[in-house]
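Protein chains in written order, with the working numbering: chain E, 2 to 281; chain V, 5 to 189.
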């Protein structure tokens, strides 16, 4: 049986997701910040962490953006193969939702021409990743991505000989070199394997995880914990003022790769780790 | 230990010389906003020997691109953007009398040296706390480049705007010191 969805409905859901994600920081992130206050050694750093919680509370109560950088509109679509979209173009429906959400939600439009820097004025085009899945439902995940942390992200093609130690060293070094720039405490998404572009998408998908959710593979979960420990020994701390909370989480995703390659991507996410989803 | 200091802009050389890294400063008075695109335009004016849209002497530039203001509010969320992108422009602006910059993230050695030689400071505001910081901004008017939207130059009137001294006039760097204090290896 084919189920039909009107693209107008998708636009409406998309609009609401843009506003919800930018106003309401996830409870899981707030809990992680609370937990970090307990564990942080630096008194100044604890003050910063409290400010971040206060900021999120103000944003939620006053219905304003958590951060002025409301990000590029990154959208993950999981589309059931038994779905049929009616009434127009799916991609345009997503973009129209972004347009309305950013306009009606008083969100900053940050999308511009790469060379002339002219703003597109409506935060489109959205960055859309599509996956076809079984069933007749559609999941929309919206994850606005700010520029400061995205600029600190990297993709590299390691040699297979580098192995897991090479992976760990590259990630820790990336966070060290990023210093105070990506608004620590950060969440670090790591993609290992696939191809050049696949590793980057894996890293981006990794940061969509709920805080505290480990990779189901115990070996990979251990690697996540190991890297997080090493990062938090760097001393960078919240806002880079010094401290023991440089990252809140390390999330790793892995897939097979070419026998000649070891692709590795590090996607850095600031503490304003915004993502919301809806199922239609 | 960190001190809390209240300062009114514009800042004098004496004001900034009294500041040390780690000092918490509450700024009141006027701040001018400028980020990537506005800096590019200011620099073109300087190169052509033309007048700038605001007098730099003693001023503080805040690296910010706010969200649109909701009805009845002076400004939307307004936290700092990452500063290193303004590093190529900052030494020249300091030379022309700029006394303070507010942003987040590390500055280049060239900027740190310019602050030491010409007596200016770099303040950090809490990145990602745009809703909180906006409450200290009482008025915002566009003074140049409205076509740049969030990147237009705005004149902000602030009260007790909370910042931290990251780089002082002696060449010290709070980020470096923080890492030295808390690094475990």
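Cβ atoms here follow ideal geometry from the backbone N, Cα and C, with glycine treated the same way.
What's the C-alpha gap between residue i and residue j?
i	j	result
residue 31 of chain E	residue 268 of chain E	21 Å
residue 73 of chain V	residue 143 of chain V	11 Å
residue 51 of chain V	residue 106 of chain E	39 Å
residue 78 of chain V	residue 70 of chain V	11 Å
residue 229 of chain E	residue 254 of chain E	15 Å
residue 45 of chain E	residue 79 of chain E	42 Å
residue 128 of chain E	residue 75 of chain E	5 Å
residue 62 of chain V	residue 111 of chain E	30 Å
residue 192 of chain V	residue 190 of chain E	Nothing can be reported for residue 192 of chain V: it is not among the residues displayed for chain V, which extend from 5 to 189.
residue 172 of chain V	residue 119 of chain V	7 Å
residue 100 of chain E	residue 125 of chain E	7 Å
residue 279 of chain E	residue 8 of chain E	15 Å
residue 128 of chain V	residue 68 of chain V	12 Å
residue 51 of chain E	residue 27 of chain E	16 Å
Counting only beta-carbon atoms, is residue i nearer than 8 Å to chain E?
i	result
residue 18 of chain V	no
residue 157 of chain V	no
residue 183 of chain V	yes
residue 189 of chain V	yes
residue 110 of chain V	yes
residue 68 of chain V	yes
Short of 7 Å in beta carbon distance, which residues of its chain neighbour residue i, apart from the five on each side in sequence? Order them along the chain.
i	result
residue 165 of chain E	224
residue 177 of chain E	235
residue 211 of chain E	29
Just checking my contact of residue i with residue j at CB under 8 Å: how many whole Å lie between their CB atoms?
i	j	result
residue 122 of chain E	residue 84 of chain E	Incorrect: roughly 32 Å between the Cβ atoms, too far for contact.
residue 201 of chain E	residue 192 of chain E	6 Å
residue 6 of chain E	residue 86 of chain E	6 Å
residue 106 of chain V	residue 175 of chain V	That pair is no contact at about 19 Å.
residue 182 of chain E	residue 109 of chain V	4 Å
residue 244 of chain E	residue 83 of chain V	Their Cβ separation, rounded to whole angstroms, is 19 Å, which puts residue 244 of chain E and residue 83 of chain V out of contact at 8 Å.
residue 16 of chain E	residue 102 of chain E	4 Å
Under 8 Å, Cβ to Cβ, is there at least one residue of chain V near residue i?
i	result
residue 74 of chain E	no
residue 53 of chain E	yes
residue 49 of chain E	yes
residue 190 of chain E	no
residue 118 of chain E	yes
residue 84 of chain E	no
residue 112 of chain E	no
residue 66 of chain E	yes
Who does residue i pair with in a DSSP beta bridge?
i	result
residue 66 of chain E	According to DSSP, which records beta bridges pairwise, residue 66 of chain E is partnered with nothing at all.
residue 187 of chain E	E/248
residue 128 of chain V	V/107, V/168
residue 144 of chain V	V/160
Tell me which residues share the same chain as residue i and place their Cβ nearer than 6 Å to its Cβ, disregarding the 5 neighbours each side in the sequence.
i	result
residue 100 of chain V	60
residue 35 of chain V	64, 66, 160, 162
Please return the same chain residues whose Cβ sits closer than 8 Å to the Cβ of residue i, not counting the five positions on each side in sequence.
i	result
residue 22 of chain E	143, 144, 145, 275, 276, 277
residue 42 of chain V	148, 149, 152, 155, 156, 157
residue 63 of chain E	none
Hey, would you say the C-beta of residue i is under 7 Å away from at least one heavy atom of the ligand HEM?
i	result
residue 55 of chain E	Summarising the ligand content, the structure contains no ligands, and the ligand HEM is consequently not present.
For residue i, which residues in chain B fall below 8 Å Cβ to Cβ?
i	result
residue 130 of chain V	Reference to chain B is not applicable here, since the protein chains of this structure are E and V.
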